[in-house]
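Notes to accompany the following structure.
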Amino acid sequence: MQFFLAEGARLGLGLIGVISLVAVNALFLIWMERKVSAHIQLRPGPMEVGFHGALQTIADALKLIGKELITPEDVDKLIYLLAPIVMFLPVLVSFLVIPFSPTLLIRDLNVGVLLIFAFSTLTVLAILMAGWASNNKYSLLGAIRSVAQNVAYEIPLLLTAMSIILMAGSFQPSVIVSQQAKVWNIFVQPLAFLLFIICGTAETNRAPFDIPEAESELVAGFHTEYSGMRFAIFFLAEYTNMFIVSAVATIFFLGGWHGPFLPPVVWFLLKVYALIFLMMWFRWTFPRLRFDQLITFAWKILIPLALLNLIVTAFVLKLVR
Amino acid sequence: MSELFSLAGLSFLMIVGMTLGGAFIAVGARNIFHNVLGLALSLFGVAGIFLFLNSPFLAMMEILIYVGAICIAICFAIMLSEPLYRPRPPRKPIKLLGAGLGAGLVFVVLAALVKKTAWVPAAARSDDWSVATIGHYLLTKYALIFEAISLILLVAMLGAIVNAKNGRGREES
Chain Z
-18 MQFFLAEGAR LGLGLIGVIS LVAVNALFLI WMERKVSAHI QLRPGPMEVG
32 FHGALQTIAD ALKLIGKELI TPEDVDKLIY LLAPIVMFLP VLVSFLVIPF
82 SPTLLIRDLN VGVLLIFAFS TLTVLAILMA GWASNNKYSL LGAIRSVAQN
132 VAYEIPLLLT AMSIILMAGS FQPSVIVSQQ AKVWNIFVQP LAFLLFIICG
182 TAETNRAPFD IPEAESELVA GFHTEYSGMR FAIFFLAEYT NMFIVSAVAT
232 IFFLGGWHGP FLPPVVWFLL KVYALIFLMM WFRWTFPRLR FDQLITFAWK
282 ILIPLALLNL IVTAFVLKLV R
Chain R
52 MSELFSLAGL SFLMIVGMTL GGAFIAVGAR NIFHNVLGLA LSLFGVAGIF
102 LFLNSPFLAM MEILIYVGAI CIAICFAIML SEPLYRPRPP RKPIKLLGAG
152 LGAGLVFVVL AALVKKTAWV PAAARSDDWS VATIGHYLLT KYALIFEAIS
202 LILLVAMLGA IVNAKNGRGR EES
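As given, the protein sequences belong to chains Z and R, one line each in that order.
In this text, residue positions in the first sequence follow this note's numbering: the first is -18, and each later residue adds one.
In this text, residue positions in the second sequence follow this note's numbering: the first is 52, and each later residue adds one.
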C-alpha cells in the first residue's frame, strides 16, 4: 500500500509538473516568437495586453477555448479526433526522462534517449492521420510532405545521436550529461552539433523546413481543418517539440545541467532557451526551401556527413581506448 | 487467476488486447489507411510485451523501427498505389480461405514449436543481457543470421534501385 501511495504521488506530481511546464512553456514561447520576429523585422510586436504584451498569448488561449469545435463533413471521424491526441502523447512521454538537474527528473531510464527518439516518431503518424482524415487536398499534401521530410531527416538525426551515444557508451541521459563535466561535447563534435540542430529544426517542421504547413502554398497544411482547442493542441505540441529537441541537444552537446555559480536547473533551462532562440532566429532569417531542394539536402549532404562523422568517431574511439 | 487482477495483470491484458485488436483491424478493415494504423497499434502492443519480458531496449527498438519506420514506409507505398476514393471490389471467398489457411498453418507450426521447446528462463541461462552482450552475440555466435538479414536488405535496396532507375516521367518517351 505504502509503495502504491508513494509511486502514485510521484507519478501524479510528475504529471502535474509536466503539464504545467508544457502549458507555461508554450505560452511563453509563442510570446517570445512574436517578440523575436517583431524585433528582427524592426517592429515592436504585441504591446497592449500586459507588460510588453506578456499576457497576449493568455488572451489568445482564452479566445481559442471559447471557439466552436468544427468537425467538417466527410472527415474520417475517429481518426480526425484521435490525431491531436496522438500528436500530444509522445510529447508528454518524452518529459519522463529529461534530466533537468541531477535530482529533478521523473525516471532515470537506461534507454532514456531511445525512448525520446522512439516516441517522437509517433508525431509523423499523427500528422499523417490529421492530414489524411481531414479529407482536404491541402491537408493531405501537407501530410505527405511531412512524412517524406521526417523520414529523410530522421536518418542523419539518429546517426549523429549514435556518435554521441558511442562516446558516452550509454543511452542514459544522466550518464551522457555527467560525462561532460569537464568538456562539453560541442567542442569534441562540432559537426555533429551542426547536423543535429539542422535535423532537429527539420523534425519540428520549423522554417526553413516548414513545408508541411507552408501557408503561402497549403493554407495551413495538415491542420487546415482543425479549429479551436484541437488546433491549439497541434500548436502546443509544436512548441513543446521545440523544447524537447533543444533539451536533447543540451543533453548531448551543451553539458546538460553543468555550469558554474547558478543552480543546475537554471543552467539547463538557460541552455535550452538559448537553443530555442537560435531556432527562432533561423525561422526569421532563412527563406523556405523548395521541396525537392529540401529532400536533396538531406539525402545527398546530411546523411553522408552524418555517416562520415559516425565512422570517424568510431575510429578515434578505438584508437584512444 | 488472481494474478490477472493485479495492476501488472491488468496492464498485461490491456497490452494483449491492443496487440490482438490492432491485428484484427490490420487484417479486417476495408480502408487501407485504417489497416496501417491497426498494424501500428498492434506493433505498439508487441513493444509492450517486450517491456513485460523485462527488455526495454527491444521495446524501444520495436517502436522506433516498426511503428516509426515500417508503418511510415507502408504509408509511402499507399501514396504510390491507386487512389483511396475508388470503390474497392468485394473480397473473394477463395482468397479469404487461402489467407486463413496460410496464417492458420503458420500459427499451428509456431504453437507446436512453442509447446515442444523446453523454455529456460533468461535469468537461469545468463545474468548478463546488456546491449553489449547482444551485440557481441550478433557478431560471433549468430553471425550467419545477421549476415542473412543484411543480404535481404541488400536485395531490397537493389530492387528499389531497379524500380527507380527509369525515374519519374521518363516512361512515356
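Using N, Cα and C, we set each Cβ at its ideal position, and we do this for glycine too.
In this text the structure is predicted, and so the values were computed from the model without any measurement.
#### Entry: Per-residue burial, Val132 (chain Z) [other beta carbons within 10 Å of its own, 16 or more giving buried]
Locating residue 132 (chain Z) in the first sequence gives position 151, where the first residue counts as 1. Result: buried.
### Query
Which residue spans inside the region 137 to 195 of chain Z form an unbroken alpha helix (DSSP H) run of at least 4?
154 to 159, 166 to 169 and 171 to 184
### Query
Under 7 Å between C-beta atoms, does Ala99 (chain Z) make it to chain R?
Mapped onto the first sequence, residue 99 (chain Z) falls at position 118. Yes, contact with chain R.
### Query
If contact means a Cβ-Cβ distance below 7 Å, which residues of the region 63 to 77 of chain R contact chain Z?
none
### Message
So, at 7 Å on beta carbons, what are the nonlocal neighbours of Glu223 (chain R) in its own chain, with the 5 sequence-adjacent residues on each side left out?
### Response
Residue 223 (chain R) sits at position 172 when you count from the first residue of the second sequence. Model confidence at Glu223 (chain R) stands at a pLDDT of 48, short of 50, so the residue's coordinates are unreliable and nothing is read from them.
### Query
Does the distance from the C-beta atom of Ile225 (chain Z) to that of Phe69 (chain Z) stay below 7 Å?
Numbered from 1 along the first sequence, position 244 holds the residue referred to as residue 225 (chain Z). Numbered from 1 along the first sequence, position 88 holds the residue referred to as residue 69 (chain Z). Not closer than 7 Å, so no.
### Task
Mark Leu(-6) (chain Z) as exposed unless 16 or more other C-beta atoms lie within 10 angstroms of its C-beta, in which case mark it buried.
In the first sequence, the residue the question calls residue -6 (chain Z) occupies position 13. Leu(-6) (chain Z) should be labelled exposed.
### Message
Strictly under 7 Å for the Cβ-Cβ distance: is Trp113 (chain Z) near chain R by that measure?
### Response
Along the first sequence, read from residue 1 onward, the residue named residue 113 (chain Z) stands at position 132. Yes, because at least one Cβ of chain R sits closer than 7 Å to the Cβ of Trp113 (chain Z).
### Query
Does Leu147 (chain Z) get closer than 7 Å to chain R when you measure Cβ to Cβ?
In the first sequence, the residue the question calls residue 147 (chain Z) occupies position 166. By this cut-off, Leu147 (chain Z) is not an interface position.
### Query
Could you check where the alpha helix (DSSP H) with Ala91 (chain R) kicks off and where it finishes?
Translated into positions along the second sequence, residue 91 (chain R) becomes position 40. Its alpha helix (DSSP H) spans residues Ile83 to Phe103.
### Task
Classify Trp262 (chain Z) as buried or exposed, calling it buried when 16 or more other Cβ atoms lie within 10 Å of its own Cβ.
Counted from its first residue, the first sequence places residue 262 (chain Z) at position 281. Exposed, because fewer than 16 other Cβ atoms sit within 10 Å of the Cβ of Trp262 (chain Z).
### Query
Listing by chain order, which chain Z residues have their CB less than 8 Å from the CB of Gly99 (chain R)?
Along the second sequence, read from residue 1 onward, the residue named residue 99 (chain R) stands at position 48. Per Cβ cutoff of 8 Å: no residues; Gly99 (chain R) is ~13 Å from chain Z at best.
### Query
Taking just the CA atoms, how far does Lys146 (chain R) sit from Leu152 (chain R)?
Stepping through the second sequence from its first residue, residue 152 (chain R) is reached at position 101. Stepping through the second sequence from its first residue, residue 146 (chain R) is reached at position 95. Straight-line Cα distance between these residues: approximately 10 Å.
#### Entry: Proximal residues, the region 77 to 92 of chain Z versus chain R, C-beta separation under 8 Å
Leu90, Asn91 and Val92
### Task
Starting from the beta carbon of Ile125 (chain Z), find every residue of chain R whose beta carbon is closer than 7 Å, and list them in chain order.
Position 144 of the first sequence, counting from 1, holds the residue named residue 125 (chain Z). Correct list: Met130.
### C-alpha distance - Arg(-9) (chain Z) paired with Phe81 (chain Z), whole-angstrom precision
On the first sequence, position 10 is the one that residue -9 (chain Z) refers to. On the first sequence, position 100 is the one that residue 81 (chain Z) refers to. Cα to Cα, the separation comes out at about 16 Å.
### Query
Would Leu235 (chain Z) count as contacting chain R if we go by Cβ distances under 7 Å?
Working through the first sequence from its first residue, we reach residue 235 (chain Z) at position 254. By this cut-off, Leu235 (chain Z) is not an interface position.
### Task
Confirm, please, whether the CB-CB distance from Ser127 (chain Z) to Ile108 (chain Z) is below 7 Å.
Locating residue 108 (chain Z) in the first sequence gives position 127, where the first residue counts as 1. Locating residue 127 (chain Z) in the first sequence gives position 146, where the first residue counts as 1. Yes, these two residues count as a Cβ contact at 7 Å.
#### Entry: Cβ-based burial, Thr84 (chain Z) [other Cβ within 10 Å; buried from 16]
Taking the first sequence and counting its residues from 1, one reaches residue 84 (chain Z) at position 103. With fewer than 16 Cβ atoms within 10 Å of its Cβ, Thr84 (chain Z) is classed as exposed.
### Task
Tell me whether Glu14 (chain Z) sits in a helix, a strand or coil according to DSSP, three-state version.
As a first step, residue 14 (chain Z) must be located in the first sequence, where it is residue number 33. If DSSP states are grouped into helix, strand and coil, Glu14 (chain Z) belongs with the helices.
### Query
Terminal residues of the continuous alpha helix (DSSP H) containing Arg264 (chain Z)?
Here residue 264 (chain Z) refers to the residue found at position 283 of the first sequence. Arg264 (chain Z) -> alpha helix (DSSP H) spans Pro245 to Thr266.
### Continuous alpha helix (DSSP H) stretch holding Tyr117 (chain R): start and end
As a working note, residue 117 (chain R) is residue 66 in the second sequence. No alpha helix (DSSP H) contains Tyr117 (chain R), which DSSP labels as neither H nor E.
### Query
Which residues of chain R have a Cβ atom closer than 9 Å to the Cβ of Ala128 (chain Z), listed in chain order?
The count along the first sequence starts at 1 and reaches residue 128 (chain Z) at position 147. A quick correction: the sequence has Val, not Ala, at residue 128 (chain Z). Chain R residues near Val128 (chain Z): Ile123, Cys126, Phe127 and Met130.
### Query
Where does the unbroken alpha helix (DSSP H) through Pro144 (chain R) begin, and where does it stop?
Within the second sequence, residue 144 (chain R) is the residue found at index 93, counting from 1. That run of the alpha helix (DSSP H) goes Pro144 to Lys167.
### Query
DSSP three-state call for Tyr193 (chain R): helix, strand or coil?
Position 142 of the second sequence, counting from 1, holds the residue named residue 193 (chain R). Looking at Tyr193 (chain R) - three-state DSSP - the assignment turns out to be coil, as it is neither helix nor strand.
### Task
Mark Phe158 (chain R) as exposed unless 16 or more other C-beta atoms lie within 10 angstroms of its C-beta, in which case mark it buried.
Translated into the one-based positions of the second sequence, residue 158 (chain R) becomes position 107. Phe158 (chain R) is exposed by the Cβ-count criterion.
### Message
Can you give me the C-alpha to C-alpha distance between Leu109 (chain R) and Phe101 (chain R), rounded to a whole angstrom?
### Response
Locating residue 109 (chain R) in the second sequence gives position 58, where the first residue counts as 1. Locating residue 101 (chain R) in the second sequence gives position 50, where the first residue counts as 1. Roughly 6 Å between the two C-alpha positions.
### Query
Which residue comes first and which comes last in the alpha helix (DSSP H) that contains Gln22 (chain Z)?
Walking along the first sequence from the start, residue 22 (chain Z) turns up at place 41. Here Gln22 (chain Z) belongs to no alpha helix (DSSP H), and DSSP marks it neither H nor E.
### Query
chain Z beta carbons: is any one of them nearer than 7 Å to that of Gly60 (chain R)?
Residue 60 (chain R) sits at position 9 when you count from the first residue of the second sequence. No, its Cβ sits nowhere closer than 7 Å to a Cβ of chain Z.
### Query
Helix, strand or coil: which one does DSSP assign to Arg139 (chain R)?
Sequence index remark: in the second sequence, residue 139 (chain R) carries index 88 (1-based). In this structure, Arg139 (chain R) counts as coil in the three-state DSSP scheme.
### Task
For Leu96 (chain Z), return the contacting residues in chain R, with the cut-off set at a CB-CB distance below 7 Å.
Reading the first sequence from its first residue, position 115 is the one you call residue 96 (chain Z). Neighbours of Leu96 (chain Z) on chain R, chain order: Met111.
### Query
DSSP on Thr303 (chain Z), reduced to helix/strand/coil?
Past the boundaries of the shown model lies residue 303 (chain Z); chain Z is included only from -18 to 302, so the question cannot be answered.
#### Entry: CB contact below 7 Å: Thr102 (chain Z) versus chain R
On the first sequence, residue 102 (chain Z) is found 121 positions in, with the first residue counted as 1. For Thr102 (chain Z), the answer is yes, since a Cβ of chain R falls inside 7 Å of its Cβ.
### Task
Could you check how far apart the C-beta atoms of Leu217 (chain Z) and Val3 (chain Z) are, in whole angstroms? I think they sit under 8 Å.
The sequence position of residue 217 (chain Z) within the first sequence is 236, counting from 1. The sequence position of residue 3 (chain Z) within the first sequence is 22, counting from 1. Contact holds; Cβ gap of about 7 Å.
### Query
Alpha carbon to alpha carbon, what distance is there between Ala74 (chain R) and Gly60 (chain R)?
Locating residue 60 (chain R) in the second sequence gives position 9, counting from the first residue. Locating residue 74 (chain R) in the second sequence gives position 23, counting from the first residue. Approximately 21 Å between the Cα atoms of the pair.
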